[in-house]
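**Student:**
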Amino acid sequence: MTEFTPWTALAGGTVLGLGALILLLLNGRIAGISGIVSGALDVSDPNARWRWMFIAGLIIGPLLAAPFGTYLPERIDAGWPLIIAGGLLVGVGTRLGSGCTSGHGICGIGRLSPRSIVATATFMLVAVVVVFIVRHLTGV
Amino acid sequence: MQMFIALIAGLLFGAGLTISQMVNPDKVLNFLDVAGQWDPSLILVMGSALVVFGLGYHFLVKPRSKPLIADQFFIPTNKIIDKPLIIGAILFGLGWGLVGICPGPAVSNLLGGNAKIFGFVIAMLAGMQFSGTIDRLLKKS
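These protein sequences, in sequence, are chains A and B. Note that my numbering has the first sequence beginning at 206, numbered continuously upward. Note that my numbering has the second sequence beginning at 286, numbered continuously upward.
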């Protein structure tokens, strides 16, 4: 179980929102992590460069959270088969669906995009159902 | 300059995910577990991010014809709710619900050095490469 942490949630969300806003306001780009990561893989694309810079920031960023007393988790509970299956599903699903929690959930809903509202409602609902089945019906 | 801004935006994203603890899969799964010991933190994370981004978009971005230091905005204009969008969102929801990790937190967790995170990211990249094939199959059917 985890405690409800309203203050760090609000602070972290504000920082996230600022990151997404400056990328759009200054560079004209949407902060969709799945799009940025898959776009960075195509090194022949001139846009791969700024994407790698963003990814570098995303990797180092957690160090800046230390003053808030928040750190990366020390262990990941899910077993290897779930990790691999989950990674594959997240990879396929976010590309096929043109976005994830950041691109659809924050940037898309923030622009009131109908596609993003439908996508976010869909993946949230499916994830809630999956967790319900795994935790309450299979007894894991 | 645009490279520097991309780095700063990434830093803010990585910091925000960690401050809010969305890098912790337990925290995400406990939000999704509405029938268990529910942890509503994720709502406040998304809500505050949406307020900052939404207001900024509406008052600072929308009135402009171009971004402050680039030539044009790259904002999706597609409004059609099609099969790939729904099927993609369902597949993503399945994966997210199974492990509680989405692309941002997956990348931000790399510095923690956990082998499972590297495994997840590699599987995710493989899935991304594979998505084009499924997209073509869907368009044929």
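All C-beta atoms in this analysis are idealised placements derived from N, C-alpha and C, irrespective of residue type, glycine included. Fair warning: this is a prediction, and the values are worked out from it, not measured in the lab.
With a CB to CB cut of under 8 Å and the five nearest residues on each side skipped, what residues in its chain are close to W323(B)?
**Tutor:** Taken in chain order, the residues that qualify are N315 and F316.
**Student:** Give the DSSP-derived three-state secondary structure of K425(B) in the structure shown.
**Tutor:** It is helical.
**Student:** Could you work out which residue in G398(B), Q414(B) and L329(B) is closest to I304(B) when comparing CA atoms only?
**Tutor:** Out of G398(B), Q414(B) and L329(B), L329(B) has the C-alpha closest to the C-alpha of I304(B).
**Student:** Based on Cα-Cα distance, which residue from G389(B), I293(B) and G341(B) lies nearest to G296(A)?
**Tutor:** Taking only the C-alpha atoms, the option nearest G296(A) is G389(B).
**Student:** Verify the CB distance criterion: does S307(A) have a CB-CB separation below 8 Å to chain B?
**Tutor:** So, interface residue.
**Student:** Which whole-angstrom value describes the C-beta separation of L277(A) and G397(B), a residue pair presumed to lie in contact below a C-beta threshold of 8 Å?
**Tutor:** Right, the Cβ-Cβ distance comes to about 4 Å (below 8 Å), so this counts as a contact.
**Student:** Candidates G341(B), D318(B), L297(B) and L345(B): which alpha carbon is nearest H341(A)'s?
**Tutor:** Of the listed residues, the one whose Cα sits closest to H341(A) is D318(B).
**Student:** Quick check: the Cα distance between K364(B) and M286(B), rounded to an integer number of angstroms?
**Tutor:** So the alpha carbons of these two residues sit roughly 32 Å apart.
**Student:** Rounded to a whole number of angstroms, what is the C-alpha to C-alpha distance between G332(B) and V346(B)?
**Tutor:** Going by the C-alpha atoms only, they are around 19 Å apart.
**Student:** Distance, Cα to Cα, L246(A) vs I366(B)?
**Tutor:** Taking the straight line from one Cα to the other gives about 27 Å.
**Student:** Can a CB atom of chain A be found closer than 8 Å to the CB of Q344(B)?
**Tutor:** The sequence shown places Phe at residue 344(B), rather than the Gln named in the question. F344(B) does not count as touching chain A.
**Student:** Considering only residues of the stretch 254-294 of chain A, which uninterrupted beta strand (DSSP E) runs meet the minimum length of 3 residues and lie entirely inside it, listed in chain order?
**Tutor:** Listed in chain order, there is nothing to give.
**Student:** Using a Cβ-Cβ cut-off of less than 8 Å, give me the residues of the stretch 281-308 of chain A that come near chain B, in sequence order.
**Tutor:** Under the 8 Å Cβ criterion, the stretch 281-308 of chain A contributes I281, D282, A283, W285, L287, I288, I289, A290, G291, G292, L293, L294, V295, G296, V297, G298, T299, R300, L301, G302, S303, C305, T306 and S307.
**Student:** I need the straight-line Cα distance from F289(B) to T343(A), nearest angstrom please.
**Tutor:** Cα-Cα distance, rounded: 48 Å.
**Student:** Which residue wins for smallest C-alpha separation from R300(A), given the options L383(B), G378(B) and G373(B)?
**Tutor:** Checking every option, the nearest Cα to that of R300(A) belongs to G373(B).
**Student:** In the DSSP assignment, find the alpha helix (DSSP H) that holds G224(A) and state where it starts and stops.
**Tutor:** P211 to N232 is the extent of the alpha helix (DSSP H) around G224(A).
**Student:** Can the beta-carbon of K401(B) be found less than 8 Å from the beta-carbon of I264(A)?
**Tutor:** The answer is no: Cβ separation not under 8 Å.
**Student:** Return the chain-ordered ranges of every alpha helix (DSSP H) run that is complete within the stretch 337-404 of chain B and spans a minimum of 4 residues.
**Tutor:** Listed in chain order, they are 368-384 and 388-393.
**Student:** Alpha carbon to alpha carbon, what distance is there between F358(B) and A298(B)?
**Tutor:** Per the sequence shown, the amino acid found at residue 298(B) is Phe instead of Ala. The alpha-carbon atoms of F298(B) and F358(B) are separated by roughly 20 Å.
**Student:** Flag S426(B) as yes if its beta-carbon sits less than 8 Å from any beta-carbon of chain A, otherwise no.
**Tutor:** No, its Cβ sits nowhere closer than 8 Å to a Cβ of chain A.
**Student:** Straight-line CA distance for W257(A) to G240(A)?
**Tutor:** About 12 Å.
**Student:** Which term fits P267(A), buried or exposed, when burial requires 16 or more other beta carbons within 10 angstroms of its beta carbon?
**Tutor:** P267(A) is buried by the Cβ-count criterion.
**Student:** Judging by CA-CA distance, which residue of S326(B), G404(B), T418(B) and S350(B) is the nearest neighbour of G284(A)?
**Tutor:** Minimum Cα distance to G284(A) is reached at G404(B).
**Student:** Distance, Cα to Cα, L330(A) vs G378(B)?
**Tutor:** Going from the Cα of L330(A) to the Cα of G378(B) covers about 7 Å.
**Student:** Taking only beta-carbon positions, decide if V331(A) is within less than 8 Å of chain B.
**Tutor:** Yes, contact with chain B.
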